[in-house]
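>
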Amino acid sequence: MKNSFFSRFAPKESKFFPLLKQLSEVVCTASDLLVESLQYDTTEKRTDYYKQIKALERKGDKLTCLIFDELETTFITPFDREDIHALASKMDDVIDGINSCAKRITIYNPHLISDSGKELSRLIQQEAMCISKAMDELETFRRKPGILHGYCNKLHDIENQADDVYEFFIKKLFEEETDCIELVKVKEIMHGLEETTDAAEHVGKVLKNLIIKYA
Amino acid sequence: MKNSFFSRFAPKESKFFPLLKQLSEVVCTASDLLVESLQYDTTEKRTDYYKQIKALERKGDKLTCLIFDELETTFITPFDREDIHALASKMDDVIDGINSCAKRITIYNPHLISDSGKELSRLIQQEAMCISKAMDELETFRRKPGILHGYCNKLHDIENQADDVYEFFIKKLFEEETDCIELVKVKEIMHGLEETTDAAEHVGKVLKNLIIKYA
Amino acid sequence: MKNSFFSRFAPKESKFFPLLKQLSEVVCTASDLLVESLQYDTTEKRTDYYKQIKALERKGDKLTCLIFDELETTFITPFDREDIHALASKMDDVIDGINSCAKRITIYNPHLISDSGKELSRLIQQEAMCISKAMDELETFRRKPGILHGYCNKLHDIENQADDVYEFFIKKLFEEETDCIELVKVKEIMHGLEETTDAAEHVGKVLKNLIIKYA
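Residue numbers (the numbering used here), protein chains in the order written: chain A, 377 to 591; chain B, 377 to 591; chain C, 377 to 591.
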């Protein structure tokens, strides 16, 4: 379970970059599946996609745990431990959010997913791509922080867009929907999607903090 | 983005007190607007107040970020970094809570805000004033912690009062309201208000911790 | 409020184990009361159990605060401060979760608690017992981590079981329940129960982290 005494001193910091990149790829794949799943309205398809996303959520959990373990047993890390910890755990939160959306869609099983719901899922996908590209900058942003800074701003903008989509939709839903049970289903699913766009922006906040500290 | 090498050593700790005070004033202004907004029941007025509160929420975000940046780049801080961090982020949580309440009122747009809802907003306002006054004690509480301790106790008492108001109201709501959609709206708004009184009490817990550590 | 200068150096680390054990016993008693309370469907009984659980929640709060205070004023701790902090605060989260369930049952006052709800409460009780037994291992797991590891795995398994119970039930609820207000009540209570099983698993994650760091 624990590295041997000497292996702790070996230069291992380089392993954190590929691990974080790998985790960001799980975020991407999960968001792709979410976007795809919203094209289908049958119970079977929804259940099937949820299973796939749940498998990714477990993969993300294991990767995050592995990163935490490595943090405990590595002497020299490329950034402060707490920064790597925050980066991994915030990416894991995005995957958890996507999983929670897929779960709600499956267990509430609403008649339809609205266009606004589909739009939110595509915004999550765009954020996931941003995060994944940002991971490629981790090794070099100290010298040229501009690119990473750009991804942070983009994450912030996408989240603002998502806020508008969400608020506009919910307002209309509460004005027009007369079937209360359907309203509850849709409200909870849309709220889950909106919270996931928030979670993705939090990754951007951690990245911005890295720039302040190290660039 | 980063302070110069020498400026990091300059005695800058004193800047944290005015920044924290400033943040507490945003909490106060936001709570004042919330109380005021609940006197109106039209969509227009609600939307208008939400915009004003949202602007404050962004101001609070920026101030909190500024405090975090200063923490990263200042060598000597008046308390442990983590304590200033906790104080700022918990105050920011209160502003976020108020913003979330205003948002829910705007997008759910219920017929009326109950007297209990108005009462909760006034309790949030009282908590905000407590927090703001507590910030004036930060420089001196090591010598005379009694006043700060008093504010902590008051925050705790107000939160208990809010709990009672909330529970009594929700119990009655679920017994009497027959319009399910209206029930969902009101339940979510009241829950947001109650969570905001909790968030304000959390500031009190951070302050109590400061007394234990430093007084 | 503060220990004297010399008393801080006295070997006091041993006090953390009994305090953590005591907190785990509050988790157990609260979960026992929750299981018991679900056998009754009257408003009076529900209110009565909620009062008892609320008293335990306050007891848990005080114990957690005491542990935090001791952490601030003790020089030598058996594990890193942050680990003891995490352990106490995650156990406190379980008690808060149980309290929130009892509160929801009392203020929403649904007609019946389903068999699935009762099952979830028994799973919380099993998790509580696991946590309490795990506390007995804290002094010795460095030499033989197997037993503690077993409790972590058990917590993980129980949480997975709870997920299945919850998802299966909610799916059926949204298919079959036609009374929207009753649906909202039951959904929120079941969600509270499921979140509490999650909170208990988080204690397991903290324990697993201890094994990685120290065993």
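A virtual CB, placed ideally from N, CA and C, is assigned to each residue, including glycine.
Because the structure is a prediction, the values reported are computed rather than measured.
In angstroms, rounded to a whole number, what distance separates the CA positions of Glu571(B) and Asp468(A)?
25 Å
> Taking a cut of 9 Å between CB atoms, which residues from the segment 438-454 of chain A lie near chain C?
Cys441, Phe444, Asp445, Glu448, Thr449
> Are the segment 507-524 of chain B and the segment 544-551 of chain B touching by the rule of at least three beta carbon pairs closer than 8 Å?
With the cut-off at 8 Å, the segment 507-524 of chain B and the segment 544-551 of chain B do not touch.
> DSSP on Phe382(B), reduced to helix/strand/coil?
With a pLDDT of 49 at Phe382(B), under the threshold of 50, the predicted position of this residue should be treated as unreliable, and no value is reported.
> Using only CA atoms, which one of Pro521(A), Ala478(A), Glu420(A), Met505(A) lies nearest to Leu586(A)?
Pro521(A)
> Taking 7 Å as the limit between beta carbons, can you name the residues of its chain near Lys430(C), skipping five residues before and five after?
Asn475
> Is it buried or exposed, Gln502(A), if we count other Cβ atoms within 10 angstroms and call 16 or more buried?
buried
> Let me know the alpha helix (DSSP H) ranges lying completely inside the segment 388-472 of chain B, each 4 residues or longer, listed in chain order.
392-413, 419-449
> Under 8 Å Cβ-Cβ, which residues of chain B neighbour Val336(A)?
With chain A covering only 377 through 591, there is no way to say anything about residue 336(A).
> Got a sec? Which residues, its chain only, sit under 7 Å from Cys477(C) by beta carbon, not counting five neighbours each side?
Leu410, Ile565, Gly568, Leu569, Thr572
> So what does DSSP say about Arg498(C), is it helix, strand or coil?
helix
> If you reduce the DSSP assignment to three classes, tell me which class Thr516(A) lands in.
It is coil, neither helix nor strand.
> Just the Cα atoms here: how many angstroms apart are Lys427(B) and Asp539(A)?
Computed Cα separation, rounded: 13 Å.
> Suppose you measure from the CA of Ala406(C) to the CA of Lys391(B); what does that come to, to the nearest Å?
46 Å
> Does the beta carbon of Thr554(C) sit closer than 9 Å to a beta carbon anywhere in chain A?
yes
> Where does His532(B) fall in DSSP's three states?
helix
> Please classify Leu488(C) as buried or exposed, where buried requires at least 16 other C-beta atoms within 10 Å of its C-beta.
exposed
> Would DSSP call Ile587(A) helix, strand or coil?
helix
> Cutting at 6 Å between CB atoms, please list the residues of its own chain near Ile443(B), excluding the five before and the five after it.
Leu395, Ala464
> At a Cβ threshold of 9 Å, is Phe517(C) touching chain A?
no
> How many angstroms separate the CA atom of Glu515(C) from the CA atom of Pro454(C)?
Those two C-alpha atoms are separated by around 9 Å.
> From the DSSP output, in three-state form, read off Ile489(A) for me.
coil
> What residues from the segment 453-478 of chain B come within 8 Å of chain A, judged by C-beta to C-beta, listed N to C?
none
> Any idea if Ile534(A) is buried or exposed, counting beta-carbon neighbours within 10 angstroms, 16 or more meaning buried?
Buried is the call here.
> Any beta carbon from chain C within less than 9 Å of Tyr484(A)'s own beta carbon?
yes
> Would you mind working out which of Leu583(C), Thr449(C), Glu420(C), Thr482(C) sits nearest Arg518(C), comparing C-alpha positions?
Leu583(C)
> Less than 9 Å between the beta carbons of Glu552(C) and Val562(C), yes or no?
no
> Figure out for me which residue from Ser400(A), Asp445(A), Asp459(A), Leu414(A) has the closest Cα to the Cα of Ser497(A).
Leu414(A)
> Since Asn585(C) meets chain A, which of its residues come closer than 8 Å, beta carbon to beta carbon?
Phe444, Glu448
> Asp555(C) by DSSP, collapsed to three states: which one?
coil
> Using the C-alpha atoms, what's the distance from Phe393(B) back to Arg422(A)?
53 Å
> Chain C beta carbons: is any one of them nearer than 9 Å to that of Ile557(A)?
yes
> So, is the C-beta of Ile588(A) closer than 9 Å to a C-beta in chain B?
yes
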